[in-house]
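Beneath this line is the structure, given in structure tokens, with notes to follow.
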Amino acid sequence: MRRIIILLLSVLFVTAQTAAQNTSQQEPQTLAHAQKLDSLAQNLSRQERYHDAIELKRKALDLRRQLAGESDSAYICGLIFLGKYYYRDKQPEEAARVVKEGADLYAKYLHDDNDRYAFFLDNLSLYLGTCEKYAEAETYSRKALDVYEKLGKRDYDLALILMHMAENSSYNGHQAEAVRYEISGLNVIKDVRGEHSDEYIGELPYLAKYYEAAGDKANAERVTNHVKKLQEEKDKGYADIPDLIEFKSAQSCREHNDDALKCCRYYITHKLSAAEASKAGEYIIHWTIASDEFSVIVGSDLAKIAGTRSGMPYFVAFSAITGIYCIENSLKQLDEDHYVSAIDVLLQYYEPNRELTGPVEILEKYLKLAQEKKLESYLRKEFQKDQKKMEQNSQ
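Heads up: the sequence shown begins at 409 in this note's numbering, then just goes up one per residue.
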């Protein structure tokens, strides 16, 4: 098992506009040019041209180091991306070397006690493990875990670090520790994603593997059977939907955003007949009403479905989609592009559920417009009309 962490680094890139081969031989010595090379390297990486991406990324970093020094945060964080390119180019030794340099510089000039430093260390452990340097890999995994646990966060990133710690412990023959860290990681996933989540079900077999390696066949078999049970329940539509609570304030609402988003995602990806659909829908309604972070603006068209029996499930679905987009993109309400996207998702939800609710007139109209390839232009015009009406009413 070797997995790359999705890093939460705030390094800004711009979209590549030209191909790498169009870079001039006399390249300007500016930070703007370094940023352009960064962007080109990222574009090449998306095309899986990792060898070419490495060349441009190295040029960008050399130029940035020359102009801004090794203490520059963009230079230091850029090393993690260079390491990723090396790793994907099947050069784990080079990946480990540059990420080790980045980790050392990050600790020296920036921080040795935050989440980014922990991610540096954890990635380093990944690359060292791929090089079969398991003792070093375990050392850096332990350092990453020590740093991250002190932050007091209990999130999916903590789970990943714990699972990598379990993996490195196992490779070093420390099976009891591997079991302990794997259980800790799974408990975090269970709390933040639920035991019916793909992440939890997909990780459980590794716990069985560590039990097996420790000679505990009974627990290995127990875990394997539990995986089958959870998958069967998941296939029937069961999920870990939180119980509805009373949102006494906007703050209490914000504290339960993760639970609410879990309900939103469940609702729009399951049929209305699914086991937890009604429970999820009720949670969504109360959450969207109580939240002060965003508003559900339905417009003149969708307002027609809110008060009807057949249309109400789709109003809840639209509210769920709005909640996801607004929270994930820090929007107070849907902008035009997100509104058009939200209707597209709503129609994907409507089609398999139409047989349960019966047809809904406005959604049937949208489907017809979509077949004629006229839906997007129609939605944009209606959105702009509704916005003007709201502006006039607010004056």
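Backbone N, C-alpha and C define an ideal beta-carbon position, used for all residues, glycine too.
C-alpha gap between residue i and residue j, whole angstroms
i	j	result
Ile-693	Arg-466	51 Å
Glu-780	Ile-751	16 Å
Leu-570	Gly-623	22 Å
Ser-453	Cys-672	33 Å
Tyr-493	Val-506	11 Å
Gln-795	Glu-769	23 Å
Ile-697	Val-704	9 Å
Lys-712	Tyr-786	17 Å
Thr-431	Lys-444	Reliability of the predicted coordinates at Thr-431 is poor, the pLDDT of 40 falling under 50, and no value is obtained from them.
Leu-805	Glu-501	A question about residue 805 goes unanswered here, because the residues of the chain that appear run from 409 up to 803.
Gly-707	Glu-763	25 Å
His-746	Arg-588	43 Å
Glu-736	Lys-558	26 Å
Leu-771	Glu-790	14 Å
Ile-488	Ala-504	10 Å
Arg-601	Tyr-608	8 Å
Tyr-556	His-604	26 Å
Glu-509	Leu-471	17 Å
Gln-583	Glu-546	13 Å
Lys-541	Ser-577	12 Å
Asn-522	Gly-715	49 Å
Glu-456	Thr-538	20 Å
Gln-429	Leu-464	With a pLDDT of 39 at Gln-429, under the threshold of 50, the modelled position of that residue is not reliable, and no figure is offered here.
Asp-497	Lys-773	49 Å
Ile-414	Asp-563	With a pLDDT of 32 at Ile-414, under the threshold of 50, the modelled position of that residue is not reliable, and the figure given next carries that caveat. Using only the alpha carbons, I get a separation of about 13 Å.
Ala-407	Ser-479	Because the chain here runs from 409 to 803, residue 407 falls outside it and cannot be looked at.
Leu-638	Glu-590	18 Å
Glu-640	Met-720	30 Å
Arg-662	Ala-728	15 Å
Glu-784	Leu-777	8 Å
Ala-621	His-634	18 Å
Glu-654	Val-748	32 Å
Leu-534	Asp-446	24 Å
Ala-442	Gln-499	24 Å
Residue i classed as buried or exposed, judged by whether at least 16 other C-beta atoms fall within 10 angstroms
i	result
Gln-756	exposed
Ala-567	buried
His-572	buried
Asn-677	Inspection of the sequence shows that residue 677 is occupied by Thr rather than by Asn. By the neighbour-count rule (16 or more Cβ atoms within 10 Å), Thr-677 is not buried but exposed.
Asn-801	exposed
Pro-767	exposed
Ile-484	buried
Gly-731	buried
Gly-851	As shown, the chain starts at 409 and ends at 803. That puts residue 851 outside it, with no answer to give.
Asp-560	In the sequence as displayed, the identity of residue 560 is Gly instead of Asp. It counts as exposed.
Ala-586	buried
Gly-477	exposed
Asp-700	exposed
Pro-760	exposed
Ala-839	This structure cannot settle anything about residue 839, because the visible part of the chain is limited to 409 through 803.
Lys-782	exposed
Lys-617	buried
Proximity test, Cβ basis, 9 Å: residue i and chain B
i	result
Ile-697	Absent from the structure: chain B. Only one protein chain is present.
Whole-number beta carbon distance between residue j and residue i, since they are thought to touch under 8 Å
i	j	result
Ala-543	Asn-580	6 Å
Leu-469	Leu-490	6 Å
Val-631	Leu-612	6 Å
Leu-475	Gln-450	The pair is not a contact, with the Cβ atoms about 20 Å apart (cut-off 8 Å).
Tyr-691	Ala-668	6 Å
Leu-739	Phe-702	6 Å
Arg-788	Glu-744	6 Å
The ligand COA heavy atom lying under 8 Å from the CB of residue i
i	result
Gln-455	Ligands displayed in this structure: none; no statement on the ligand COA is therefore possible.
Between the segment 639-650 and the segment 679-692, can you find at least three pairs of beta-carbon atoms closer than 8 Å? yes
Using 8 Å as the cut-off, can you tell me whether the segment 525-541 makes contact with the segment 549-558, which would need three or more C-beta pairs spanning the two stretches below that distance? yes
In chain order, each alpha helix (DSSP H) run of at least 4 residues that lies wholly inside the segment 623-695: If only complete runs of 4 or more residues are kept, the segment 623-695 shows the alpha helix (DSSP H) at 625-643, 658-663 and 665-676, in order along the chain.
Alpha helix (DSSP H) runs wholly inside the segment 724-757, at least 4 long, in chain order: If we require 4 residues or more, the segment 724-757 turns out to have no alpha helix (DSSP H) run fully inside it.
Can you give, in chain order, each stretch of the alpha helix (DSSP H) that sits fully within the segment 467-520 and has at least 4 residues? 481-496 and 500-513
Segments assigned alpha helix (DSSP H), at least 4 residues, entirely inside the segment 516-587: 523-538, 542-557 and 564-579
Ignoring anything shorter than 4 residues, give me the alpha helix (DSSP H) runs that lie fully in the segment 585-617, in order along the chain. none
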